[in-house]
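The structure under discussion appears below in the form of structure tokens.
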Amino acid sequence: GRLRYPLVPVSPVDEFDALVCRAGSNDLNPFVRDEMQRRLFADCGQVSARGTFAVLFLNGRYSGFYNPVERIESDFLTLHHGGSESWDVLSQSGVLDGDRLSFNQLIAAAQTGTATDNAWYQAMTRRLDVTNFVDYLLVNAYGYNGDWPGNNWRAARQRREGALWRYYIWDAEMSF
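In the numbering used here, the protein residues as written are 6 to 181.
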């Protein structure tokens, strides 16, 4: 069932359908870089997965330090953006929810022009949340995310006519 508890103090929601207990395997200072990148993205005014820090004990035995984080999927997007629970959610590995038909159309449209062509740019603003995309690029570039752009990204849009694609910071522990 759904967890209804303010587990992640910096999140604007207090209910969760799915969380990821991240172990910070590539972060020499566990979780700081990954969590910082997500919080920088949120500070830009963007919806971002948020996490907290926890010491895990199993059966009374210390099992490590973890970073429980909201999982970017349809339920997360509905809680943060509203609307229906029907979303297309993609990662570098493929489709997480829905399908990639609209995303393929976005990529095909992007390859037909340049940002200096006003008609092309206006057409792109009807498919892509440009402010979100620029913030996403800036945070990843500023943080010098060494595991990006070819890896560790999330993109999503609500499955309805006219919905815009948005990008989300994910798995950025190789930043800074």
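Glycine included, each C-beta is placed from N, C-alpha and C at the ideal position.
Check your understanding: Relative to the alpha-carbon of F58, which residue among G118, Y172 and F70 has its alpha-carbon at the smallest distance?
Key -> Ranked by Cα distance from F58, the first of G118, Y172 and F70 is F70.
Point to revise | Proximity winner among Y147, A124 and A114, relative to R38 (alpha-carbon distances) | key: For the residues Y147, A124 and A114, the minimum Cα distance to R38 belongs to Y147.
Practice item. Within its chain, find whatever has a CB closer than 6 Å to the CB of D152; leave out the 5 residues flanking it on each side and keep chain order. Key: For D152, same chain residues with a beta-carbon under 6 Å away, outside a window of 5 residues either side, are M179 in chain order.
Review point. Does the separation of the CB atoms of P73 and L24 fall below 7 Å?
Key: Their beta carbons are under 7 Å apart, which means P73 touches L24 by this criterion.
Practice item. Quick one: give me the first and last residue of the alpha helix (DSSP H) that L125 is part of. Key: Per the sequence presented here, residue 125 reads as Trp, with Leu not at that position. That run of the alpha helix (DSSP H) goes N123 to T130.
Practice item. Please name the residue in E166, A168, N145 and Q163 whose C-alpha comes closest to that of N157. Key: Nearest option by C-alpha distance: N145.
Practice item. Tell me, to the nearest whole angstrom, how far the beta carbon of V94 is from that of I77; I am working on the premise that it is less than 8 Å. Key: With a Cβ gap of about 7 Å, V94 and I77 count as contacting.
Point to revise | Nearest-angstrom Cβ-Cβ length linking D140 and Q42, presumed shorter than 8 Å | key: Here D140 is actually not in contact with Q42; their C-beta atoms are around 12 Å apart, not less than 8 Å.
Practice item. Sort R131, A28 and Y126 by Cα distance to L169 and report the nearest one. Key: Taking only the C-alpha atoms, the option nearest L169 is R131.
Review point. In angstroms, rounded to a whole number, what distance separates the CA positions of W92 and R165?
Key: Their Cα atoms are separated by approximately 8 Å.
Practice item. Just grab the DSSP bridge partners of D22 for me. Key: Per DSSP, none; premise fails for D22.
Exercise for review: Let me know if R66 comes out buried or exposed under the rule of 16 or more other beta-carbons within 10 Å of its beta-carbon.
Suggested key: Result: exposed.
Point to revise | Unbroken stretches of the beta strand (DSSP E), 3 residues or longer, contained in the segment 41-124 | key: Under the rule that a run must span 3 or more residues, the beta strand (DSSP E) segments found entirely inside the segment 41-124 read 59-63, 66-75, 92-96 and 99-102.
Review point. Tell me the DSSP bridge mates of Y173?
Key: DSSP output for Y173 lists R159 as bridge partner(s).
Point to revise | L12, DSSP secondary structure in three states | key: Here L12 sits in coil by DSSP.
Check your understanding: Can you list, in chain order, the residues of its chain whose CB lies under 6 Å from that of G118, leaving out five sequence neighbours each side?
Key -> Result list for G118: W125, in chain order.
**Study point:** Counterpart residues of R218 in DSSP-defined beta bridges
**Key:** Residue 218 lies beyond the residue range present for the chain, which begins at 6 and ends at 181; the question has no answer from this structure.
Review point. Who are the Cβ neighbours of E40 in its own chain at under 7 Å, not counting the five residues just before and after it?
Key: The residues are G56 and N72.
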